[in-house]
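There are 2 protein chains.
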Amino acid sequence: MTTVRVDITVSLDGFVAGPNQTLEHPLGENGERLHEWAFAAESWRERHGLSGGEANVDSDVLRASQDATGAVVMGRRMFSGGEGPWADDPNANGWWGDDPPFHVPVFVVTQHARDTVTMQGGTSFAFVTDGVGRAIAQAREDAGEKDVLVAGGASVVQQALRAGLLDELQLHVVPLLLGGGVRLFGPLGPVVDLEVTRVIESPAVAHLRYRVQRGQVTSSG
Amino acid sequence: MTTVRVDITVSLDGFVAGPNQTLEHPLGENGERLHEWAFAAESWRERHGLSGGEANVDSDVLRASQDATGAVVMGRRMFSGGEGPWADDPNANGWWGDDPPFHVPVFVVTQHARDTVTMQGGTSFAFVTDGVGRAIAQAREDAGEKDVLVAGGASVVQQALRAGLLDELQLHVVPLLLGGGVRLFGPLGPVVDLEVTRVIESPAVAHLRYRVQRGQVTSSG
Chain A
19 MTTVRVDITV
29 SLDGFVAGPN
39 QTLEHPLGEN
49 GERLHEWAFA
59 AESWRERHGL
69 SGGEANVDSD
79 VLRASQDATG
89 AVVMGRRMFS
99 GGEGPWADDP
109 NANGWWGDDP
119 PFHVPVFVVT
129 QHARDTVTMQ
139 GGTSFAFVTD
149 GVGRAIAQAR
159 EDAGEKDVLV
169 AGGASVVQQA
179 LRAGLLDELQ
189 LHVVPLLLGG
199 GVRLFGPLGP
209 VVDLEVTRVI
219 ESPAVAHLRY
229 RVQRGQVTSS
239 G
Chain B
19 MTTVRVDITV
29 SLDGFVAGPN
39 QTLEHPLGEN
49 GERLHEWAFA
59 AESWRERHGL
69 SGGEANVDSD
79 VLRASQDATG
89 AVVMGRRMFS
99 GGEGPWADDP
109 NANGWWGDDP
119 PFHVPVFVVT
129 QHARDTVTMQ
139 GGTSFAFVTD
149 GVGRAIAQAR
159 EDAGEKDVLV
169 AGGASVVQQA
179 LRAGLLDELQ
189 LHVVPLLLGG
199 GVRLFGPLGP
209 VVDLEVTRVI
219 ESPAVAHLRY
229 RVQRGQVTSS
239 G
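What follows is the structure in structure tokens.
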């Protein structure tokens, strides 16, 4: 049974990127600091073809998430990298290099129809022009028994939440107040009830995992 | 050595109150749900002169916080209760009843000068018209060796953060996405670095405690 899961790193004040995103700093000011815990992890480095790194609890959490993932859904900007002029180049292959770190099919929610691109190492990028729901449905088909990972950005996560398409949220909460930038969470329709399924802490990050509760739409008041 | 500590309950999407606050619902739509974990706790009930409740880890966390607190700082609306017409009555004694649950001196940050009010059970309300910094300084004098608790609302917490007046943050993160309302965190000057000092979980809430790092102002980029 495929689980549709958001797995995303966020500052304690709720930002997935810092303020003033530019071509040089697609994650905004200090946004890279959100991902230092991952950059340091052995499992992240392996995934990116690098040696070394720390074999710690953060690395284990990341490895488990990677191993459970059968397909990925992401937004156009996460695919193409920020807000630079090449972000709108419909032929650009993103900022992920020739051997992207996904190693599974990736479904990009975009306005620009184009053919699927097959990269090295098992990653492909398919482009879905009829919304996040359709992207998740296609990803389900490719994921087999594994999870569909909704990787971001915030806009895709919010659309999936509002549409009731998520089963699980895993937030990696970094002990940092960015004070501005791109917020993970925005307006919803009804309140969404969650169930805590796991909390793992390290000095670098708190890994909070939740299951989205179905059929518990709460009335106002 | 007095610690100045924020101790506040927040939804996973960062709200301390729901949308559409009214006199009937000063915590906004579904805002009361943020505090169900506390209402159920034995220590909270004791504090409010009630019997019963659960003697669980949430109750222990709350009791430890209460026992460590020597004085409280809060904003005018937290004192007077929401946005109703009586919220602006400069003579109203708040919505906390004759025997408020603080049992220590409380310093209310307000525009309205008035004399200190002494309530039953050890609570007094003093009104500080020259800002949150002065309120915290006065609270320090009364706290002795115990902590100053900055109880909210969000505006007072944000002012104290921006002024660099906080030593510790404890967030009680409730597994709920409110989707709107009053956000705990807003714009900051420089990024604020935190150190995780404790994570305690229960089915109802994740208690995340952080120490604010001093002298680590991070440059942009």
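In order, the protein sequence lines correspond to chains A and B. First residue of the first sequence? That's 19 in my numbering, and the numbers climb one at a time after it. First residue of the second sequence? That's 19 in my numbering, and the numbers climb one at a time after it. For every residue, glycine included, the Cβ atom is placed at its ideal position computed from N, Cα and C.
| Item | Value |
| --- | --- |
| List the endpoints of the continuous alpha helix (DSSP H) containing A:Gly52. | As written in the sequence, residue 52 of chain A is Leu, which differs from the Gly given in the question. Counting along the chain, A:Leu52 falls outside any alpha helix (DSSP H), and DSSP gives it neither H nor E. |
| DSSP state of B:Leu179, grouped into three classes? | helix |
| Label A:Pro205 either buried or exposed according to how many other C-beta atoms from any shown protein chain fall within 10 Å of its C-beta, with 16 as the threshold for buried. | exposed |
| So the alpha helix (DSSP H) B:Ser77 belongs to, where does it begin and stop? | Val75 to Ala86 |
| Indicate whether at least one CB of chain B lies closer than 8 Å to the CB of A:Ala224. | yes |
| Name, please, each residue of chain B whose Cβ falls closer than 8 Å to the Cβ of A:Pro205. | Gly197 and Gly198 |
| In chain order, what residues of the segment 25-58 of chain A put their CB closer than 7 Å to some CB of chain B? | Leu30, Asp31, Gly32, His43, Glu47 and Asn48 |
| A:Ala224 and B:Val285 - do their beta-carbons sit closer together than 8 Å? | Residue 285 of chain B lies beyond the residue range present for chain B, which begins at 19 and ends at 239; the question has no answer from this structure. |
| Quick one, which of B:Glu60, B:Asp185, B:Met92 and B:Val91 has its alpha-carbon nearest B:Gln231's? | B:Asp185 |
| Do A:Gly93 and A:Gly199 have their C-beta atoms within less than 8 Å of each other? | no |
| Just verifying my parser: in three-state terms, what is the DSSP assignment at A:Asp133? | coil |
| Check whether chain A comes within 8 Å of B:Glu60, counting only Cβ atoms and requiring the distance to be less than that. | no |
| Measure how close the beta-carbons of B:Val217 and B:Val28 come, nearest whole angstrom, since I'm counting them as under 8 Å. | Actually they are not in contact, since the Cβ atoms of B:Val217 and B:Val28 sit about 15 Å apart, beyond 8 Å. |
| According to DSSP, which residues form a beta bridge with A:Gly93? | A:Val127 |
| Check A:Ala153 in the structure and name its three-state DSSP category. | helix |
| In the structure shown, what three-state DSSP assignment does B:Val230 receive? | strand |
| Can you tell which of A:Pro44, A:Glu219 and A:Ser220 has its C-alpha closest to the C-alpha of A:Trp114? | A:Pro44 |
| Just reading off the beta strand (DSSP E) that B:Glu213 is part of, what are its end residues? | Val210 to Glu219 |
| Three Cβ pairs or more, each shorter than 8 Å: is that satisfied between the segment 149-163 of chain A and the segment 120-133 of chain A? | yes |
| Locate the alpha helix (DSSP H) running through A:Glu186, then write down its first and last residues. | Here A:Glu186 belongs to no alpha helix (DSSP H); instead the beta strand (DSSP E) covers Glu186 to Val192. |
| Can A:Arg180 and A:Gly207 be called in contact, C-beta distance under 8 Å? | yes |
| Could you name the residues of chain A that B:Val194 contacts, counting a contact when the two beta carbons are closer than 8 Å? | Here residue 194 of chain B turns out to be Leu, not Val, going by the sequence shown. What B:Leu194 touches in chain A: Val209, Val210, Asp211 and Leu212. |
| Should B:Gly182 be labelled buried (16 or more other beta-carbon atoms within 10 Å of its own) or exposed? | exposed |
| Pull the bridge partners of A:His225 from the DSSP assignment, please. | A:His190 and A:Ile218 |
| Taking just the CA atoms, how far does A:Leu41 sit from A:Arg23? | 29 Å |
| Note the first and the last residue of the continuous beta strand (DSSP E) segment covering B:Ser142. | Ser142 to Val146 |
| Which residues mark the beginning and the end of the alpha helix (DSSP H) in which A:Ser61 is found? | Glu60 to Arg65 |
| Which residues in chain B sit within 7 Å of A:Glu219, going by Cβ to Cβ distance? | Val214 and Val217 |
| What is the DSSP secondary structure of B:Asp117, counted as helix, strand or coil? | coil |
| Let me make sure I understand the geometry here. Which of A:Thr136, A:Gln129 and A:Ala131 has the alpha-carbon closest to that of A:His121? | A:Thr136 |
| For A:Thr134, I'd like the list of residues in its chain whose CB is within less than 8 Å of its CB, leaving aside the five on either flank, ordered along the chain. | Ser142, Phe143, Ala144 and Phe145 |
| At which residues does the beta strand (DSSP E) containing A:Leu167 begin and terminate? | Asp165 to Gly170 |
| Report the three-state DSSP secondary structure of A:Glu159 (helix, strand or coil). | helix |
| Pop quiz: B:Ala86 and B:Asp165 are said to be a contact at Cβ under 8 Å. What is the actual Cβ separation, rounded to whole angstroms? | 5 Å |
| Output yes or no for whether 8 Å exceeds the beta carbon distance between A:Asp58 and A:Leu80. | The amino acid at residue 58 of chain A is misidentified as Asp; the sequence shows Ala. Not in contact: A:Ala58 and A:Leu80 (Cβ atoms no closer than 8 Å). |
| Which of the three DSSP states is assigned to B:Val174 in this structure? | helix |
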